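Report on one structure; see the data block that follows.
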Amino acid sequence: MQNKVVCISGVSKGLGHALAKEFDLRGWRIAGCARSNGALIDLGNDLQNKHFIQKADITQQSDVQTFTKKVLSTLGVPSLLLNNAGKINKNALLHEISTDEFLDVFKVNLCGTHNMIKTFLPSMLETGRGTIVNFSSYWGESTAPEVAPYCASKWAIEGLTRALAQELPNGLSAVALNPGVIDTDMLRSCLGDDAKSHEKPDQWAKRAVDRLEKISPSDNGTTIIA
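Its first residue numbered 3, the sequence shown is counted upward by one per residue in our numbering.
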C-alpha cells in the first residue's frame, strides 16, 4: 500500500468505527463518513494520525461528491475504499415489509456503495492502483427468513463486485468482504440478546485489518472472509 489512506463509510459505530481505530493504530490515515455527526466528532478526537471525518449520507450523490473532493484534497487518493455502511430491515415476513423500508435497505447497501465507487474510482484509475472492498455478509451467499431485503441486497453486492472486478485494469482490484457474525447493532436487531455471545467489533477489526492489508491482485473478484 504505497499511500496508506483508507476511506471507510459508516464509521460512526460498529465495524466501521472499529476498523477506523485499528487502521489508525497501524499508521494509516483515515477518511470516514457517516450520518451521525456527534459520533464522528468523538471518533475524530480518538484518532492519532492525520484524518478527514465528515458527516455525509452515502445515498445522496451530492454528499458523496463533496466528501470525495475533500478527501482527495486533504489526504490524497485512498489505497483502500471500504464500502462498509449498511442497513437491515426490521425482522418481518417479506410481504409485511413496506415498500419504503425495502427501498431504504437497497439505497444504503447497494446504491450507496455505487455512489462511493462512482466518485472515488476515477482518481484510483488515474493513479493505477487501489482496492475497493464492498461489505457483503454470510447472507450474501445464503438466506434467512424475515431479512429478505437485506439478503437480496448482499447477494446484489456479490454480483456488483464480481462485475466491477472484470472492468478494472491491472493494478486495481475489487473484492467482497464477509465479516462473519459480529456483535453489532444490526445483529442485535435480528437476534436480540443472543448477539452478545458473538465476537465484538474491536476484536474482529484486528483480524480484519490483517487480511485487508494483504489483499493482492489475485484476490480480484473474490469474496474474502475476515
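A virtual CB, placed ideally from N, CA and C, is assigned to each residue, including glycine.
As the structure is a computational prediction, the values presented were derived from the model and not from experiment.
Inter-stretch contact at 8 Å, needing at least 3 Cβ pairs: the region 69-82 / the region 118-132: yes
Euclidean distance between Cα positions of Gly228 and Val183: Just to set this straight, residue 228 is Ala in the shown sequence, not Gly. Going by the C-alpha atoms only, they are around 10 Å apart.
9 Å Cβ cutoff met for Ser139 and Lys156: yes
Cβ contact (3+ pairs, closer than 8 Å) linking the region 85-101 and the region 38-57: no
Buried versus exposed, by CB contacts within 10 Å (16 or more), Ile10: So Ile10 ends up on the buried side.
Whole-angstrom distance between Leu84 and Leu45, CA atom to CA atom: So the two alpha carbons sit approximately 17 Å from each other.
Check whether Pro151 and Glu103 have beta carbons under 9 Å apart: yes
Nearest-angstrom Cα separation, counted from Ile159 out to Leu179: 10 Å
Close Cβ partners of Ala94 (< 8 Å) along its chain, the five nearest in sequence each way excluded: Glu148
Limits of the alpha helix (DSSP H) - the one that Gln50 falls within: Here Gln50 belongs to no alpha helix (DSSP H), and DSSP marks it neither H nor E.
Beta-carbon proximity of Asn136 to Val177, cut-off 9 Å: yes
CA-to-CA distance, Asn39 to Ala207, given in whole angstroms: 22 Å
Check whether Leu162 and Leu112 have beta carbons under 9 Å apart: yes
For Ile134 and Gly114, the rounded distance between their alpha carbons: 14 Å
For Asp26 and Lys6, the rounded distance between their alpha carbons: 10 Å
Rounded distance between the beta-carbons of Asn222 and Ala167, thought under 8 Å: 5 Å
Buried/exposed call for Ile1, threshold 16 Cβ in 10 Å: Outside the shown range of the chain (3 to 228) lies residue 1, about which nothing can therefore be said.
Burial state of Ala165 (16 or more Cβ within 10 Å): By the beta-carbon neighbour count (other beta carbons within 10 angstroms, threshold 16), Ala165 is exposed.
For Thr61 and Gly130, the rounded distance between their alpha carbons: 27 Å
Asn117 - containing alpha helix (DSSP H), residue span: 115-129
Residue environment, Thr101, which counts as buried when at least 16 other CB atoms sit within 10 Å: exposed
Secondary structure of Glu98, DSSP reduced to three states: helix
Spatially closest choice to Leu17 from Thr186, Thr68, Glu98, Leu96, by CA coordinates: Looking from the CA of Leu17, the closest CA among Thr186, Thr68, Glu98, Leu96 belongs to Thr186.
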